[in-house]
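Data first, discussion second: the structure below is written as structure tokens.
Numbering (full-length UniProt numbering), first residue to last: 1 to 155.
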């Protein structure tokens, strides 16, 4: 078995994010949790995952603080998985992935659903990146620079 590279201490925030959510099963579990699934059996049935893979991914998401376990909402003895604020923070990432697929998929007519604003009943506008002053930004407008060193307190 080949050991996977860990990005835990990497200085790149994209690599660090992939440490927690860097495989398709994890993102699909998160998608289903956002759509309301809460129980192991629901995830397993909906995604058709092997139980050992699902268990490992759920455990990792618990360890990374993306999911939490809570008593079952129906009062039974079961536990349920719920998204934490950190998990809900992945919503714009899933929307961006969805919109990317809608724009660049070779067969977009095969996509089963569209994302609708519940209050207005209208399609959701494509995500955009804006500068602090409101300007629309593209890749050509962005650069990376080193983070300033933390200020030291004088004794």
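All C-beta atoms, glycine included, are put in the ideal place defined by N, C-alpha and C.
>> Taking the alpha carbon of residue 127 as the reference point, which residue from 65, 73, 146 and 101 has its own alpha carbon closest?
In response: If you compare the alpha carbons of 65, 73, 146 and 101 with that of residue 127, the shortest gap goes to 101.
>> Could you tell me the alpha carbon to alpha carbon distance between residue 29 and residue 135, rounded to whole angstroms?
In response: 35 Å
> By the 10 Å Cβ neighbour count, where 16 or more other Cβ atoms means buried, how is residue 143 classified, buried or exposed?
Replying inline: exposed
> Excluding sequence positions up to five away, which residues of its chain have a Cβ less than 7 Å from the Cβ of residue 37?
Replying inline: 43 and 46
>> If the criterion is Cβ atoms closer than 9 Å, does the pair residue 241 and residue 67 meet it?
In response: Residue 241 lies beyond the range of the chain shown here (1 to 155); nothing can be said about it.
>> Am I right that residue 97 and residue 34 are in contact with their C-beta atoms under 8 Å? What's the rounded C-beta distance?
In response: Not really, about 12 Å apart at Cβ, beyond 8 Å.
> Taking just the CA atoms, how far does residue 122 sit from residue 5?
Replying inline: 43 Å
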